[in-house]
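Asks:
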Amino acid sequence: MAELKNRSAYFEYAIEDKYIAGMVLTGTEIKSIRGNRVSFNDSFCYFSKGELFVRSLHIAEYTHGTYSNHNPLRERKLLLTKRELRKLENKIKERGYSIIPLRVFISDKGLAKMEIGLGKGKKLHDKRESIKQRETDREIRRFLK
Numbered sequence: 024m025a026e027l028k029n030r031s032a033y034f035e036y037a038i039e040d041k042y043i044a045g046m047v048l049t050g051t052e053i054k055s056i057r058g059n060r061v062s063f064n065d066s067f068c069y070f071s072k073g074e075l076f077v078r079s080l081h082i083a084e085y086t087h088g089t090y091s092n093h094n095p096l097r098e099r100k101l102l103l104t105k106r107e108l109r110k111l112e113n114k115i116k117e118r119g120y121s122i123i124p125l126r127v128f129i130s131d132k133g134l135a136k137m138e139i140g141l142g143k144g145k146k147l148h149d150k151r152e153s154i155k156q157r158e159t160d161r162e163i164r165r166f167l168k
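For the sequence shown, this note's numbering begins at 24 and goes up steadily by one.
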């Protein structure tokens with residue numbers, strides 16, 4: 024199964040809450056996701072008329088696609104329950120909160136899903152602490168082996 028993670032999201036943001044959202048895709052997009060051809064560079068989620076969309080998520084064109092191939096950077100709608108959407112929209116109105124794509128994966132039923140996180144951007148000193156914590160964890164693991 025394809026599972027693609029946005030590693031920089033955990034470094035750039037302090038994630039407080041996570042949600043699993045469905046994605047509205049075309050046929051060639053799902054084939055590219057199954058081929059692990061997704062890039063999260065500068066991708067973000069936003070609300071438009073009460074609906075949640077993801078922008079700048081690059082899903083490469085399918086190699087065997089014909090004239091019906093998709094636009095790699097098009098906006099894609101995310102599917103959540105109304106209650107989850109209202110909760111997220113209220114949190115976004117607070118200062119500093121963002122919705123970040125964390126990973127894209129294929130569910131057990133064969134559907135493409137996206138895990139999104141509600142988080143605040145880290146400051147420079149927070150990033151330094153993340154690096155320090157990661158290095159100490161690495162040292163501890165090295166000594167335990």
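For glycine and all other residues, C-beta sits at the position ideal for the given N, C-alpha and C.
With DSSP collapsed to three states, give me the class of TYR90.
Replies: Here TYR90 sits in coil by DSSP.
Asks: Here's a check: name, in chain order, each residue in its chain whose Cβ is nearer than 6 Å to the Cβ of VAL61, leaving out the five neighbours to either side.
Replies: Once the five neighbours on either side are set aside, the close Cβ partners of VAL61 are LEU27, ILE82 and VAL127.
Asks: With distances taken from CA atoms, which of SER66, ARG97 and LYS143 is nearest LYS116?
Replies: Comparing Cα positions, the closest option is LYS143.
Asks: According to DSSP, which residues form a beta bridge with GLY13?
Replies: Residue 13 lies beyond the residue range present for the chain, which begins at 24 and ends at 168; the question has no answer from this structure.
Asks: Residues bridged to SER71 by DSSP?
Replies: Answer by DSSP bridge pairing, in chain order: GLU74.
Asks: In the DSSP assignment, find the unbroken beta strand (DSSP E) run with LEU27 in it and report its ends.
Replies: That run of the beta strand (DSSP E) goes 26 to 28.
Asks: For a test of the three-state rule: what should DSSP assign to SER62, helix, strand or coil?
Replies: Looking at SER62 - three-state DSSP - the assignment turns out to be strand.
Asks: Taking buried to mean at least 16 other C-beta atoms within 10 Å of its own C-beta, is GLU39 buried or exposed?
Replies: The residue is exposed, with fewer than 16 neighbouring Cβ atoms inside 10 Å.
Asks: Span of the beta strand (DSSP E) holding LEU102?
Replies: Where LEU102 is concerned, the enclosing beta strand (DSSP E) stretches over 99 to 102.
Asks: Could you please give the first and the last residue of the uninterrupted alpha helix (DSSP H) stretch that includes GLY50?
Replies: Here the alpha helix (DSSP H) through GLY50 covers 50 to 57.
Asks: Leaving out five residues before and five after PHE67 in sequence, what residues of the same chain have Cβ atoms less than 8 Å from its Cβ?
Replies: Within the same chain, PHE67 has close Cβ partners VAL77, ARG78, SER79, SER121, ILE122, ILE123 and PRO124.
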